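In the working numbering, the protein residues as written are 1007 to 1344.
Take a look at the structure:
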């Protein structure tokens, strides 16, 4: 199965919030089967030589970070259709929904503080009183609530885009250890190292999810996810129509990045900006690869850690006789760091 076929399966996988476990398992079964079929025997993580990365290697830690730290400005950037979002807001502003909102307000529901700061306490107090006392929700929907939500959407779109970048933290891996470009971009111009992992256990264990990145020329349309975020931000008790939408947003990248052959481990966070921008999980590597230009001292330090772990070691080399522009590797020979 290739990534294009996987993209069709992922994009067709929709799990509404509140779906019971048995139903959810049935919905995601084709996706799980596709991942098992596609999972490479090994994935590689390119690293710079730094105290932080040495310490993570020593402790078998893999750090995940929010997408705002990535080098692609489009990474996890919400693409949306404002007309589609407004249609969803119309649903949130329906007579039936406002009746539920009125009941919630009678039971003590308040507008979130960020909404109060934006629109002013006096204005929202007046709106609250209108909702509680209103008998004609068609008129209220047209003149007040619907307008406020659409104004909030337009004015706070940028902030909401940023918020979606913090929904999860991500760790990046590649199928390819031979790429000259990957060593240049992500391993300190060949002065760094790469770690090899068997990531298959993540398909069946724990809360971390691993997926291949999907490459294409069109951005993922996250209008439904964006509209749901607006509803939550305004203080509404709305259900996420697709709990896999944030995974889809984080897995679509432009075709020009396809050379990375990337896979991502995604750790979902539950509270957006109130969560950490850096998380971690434990996984022991099965091998280490030393960059072609790594310094003797860094290689020696990493070699000592590799010996302690009992993992395989390799030196990346350039073969002058090779007709291809690719890195090759040989087994590490003790003393080659001197």
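Every residue gets a Cβ at the ideal spot worked out from N, C-alpha and C, and that includes glycine. This one's a predicted model, so the numbers in the text were calculated from it and none came from an experiment.
{"Query": "4 or more residues per run - each alpha helix (DSSP H) lying fully within the stretch 1209-1248", "Result": "1229-1239"}
{"Query": "Residue 1271 and residue 1070 closer than 8 Å at C-beta", "Result": "yes"}
{"Query": "Collapsed DSSP secondary structure at residue 1279 in the structure displayed", "Result": "Its pLDDT being 45, under 50, residue 1279 is placed unreliably in this model, and the value from its coordinates should be taken loosely. Residue 1279 falls in the helix class under three-state DSSP."}
{"Query": "Beta-ladder partner(s) of residue 1179, from DSSP", "Result": "1269"}
{"Query": "Straight-line Cα distance separating residue 1020 from residue 1094", "Result": "17 Å"}
{"Query": "Which listed residue (1187, 1307, 1056, 1312) has its alpha carbon closest to that of residue 1290", "Result": "1312"}
{"Query": "Cα-Cα separation between residue 1269 and residue 1238, rounded to whole angstroms", "Result": "30 Å"}
{"Query": "Whole-number beta carbon distance between residue 1200 and residue 1051, since they are thought to touch under 8 Å", "Result": "6 Å"}
{"Query": "Limits of the alpha helix (DSSP H) - the one that residue 1197 falls within", "Result": "Counting along the chain, residue 1197 falls outside any alpha helix (DSSP H), and DSSP gives it neither H nor E."}
{"Query": "Opening and closing residue of the beta strand (DSSP E) in which residue 1116 lies", "Result": "Careful: residue 1116 lies outside any beta strand (DSSP E) and carries neither H nor E."}
{"Query": "Where residue 1205 falls, given that 16 or more other Cβ within 10 Å makes a residue buried", "Result": "buried"}
{"Query": "Residue(s) in a DSSP beta bridge with residue 1319", "Result": "1294"}
{"Query": "Candidates 1132, 1041, 1010, 1049: closest to residue 965 by CA position", "Result": "Residue 965 is absent from the model: the chain starts at 1007 and stops at 1344."}
{"Query": "Residues near residue 1215 in its chain [Cβ-Cβ closer than 6 Å; skip 5 each side]", "Result": "1272"}
{"Query": "Three-state class that DSSP yields for residue 1048 in the structure shown", "Result": "coil"}
{"Query": "Inter-residue CB distance, residue 1227 and residue 1085 (contact presumed, cutoff 8 Å)", "Result": "6 Å"}
{"Query": "Distance CB(residue 1296)-CB(residue 1325) smaller than 8 Å", "Result": "no"}
{"Query": "Distance between residue 1163 and residue 1258 (C-alpha atoms, nearest Å)", "Result": "20 Å"}
{"Query": "Nearest to residue 1260 (by Cα), restricted to the options 1340, 1077, 1300, 1136", "Result": "1077"}
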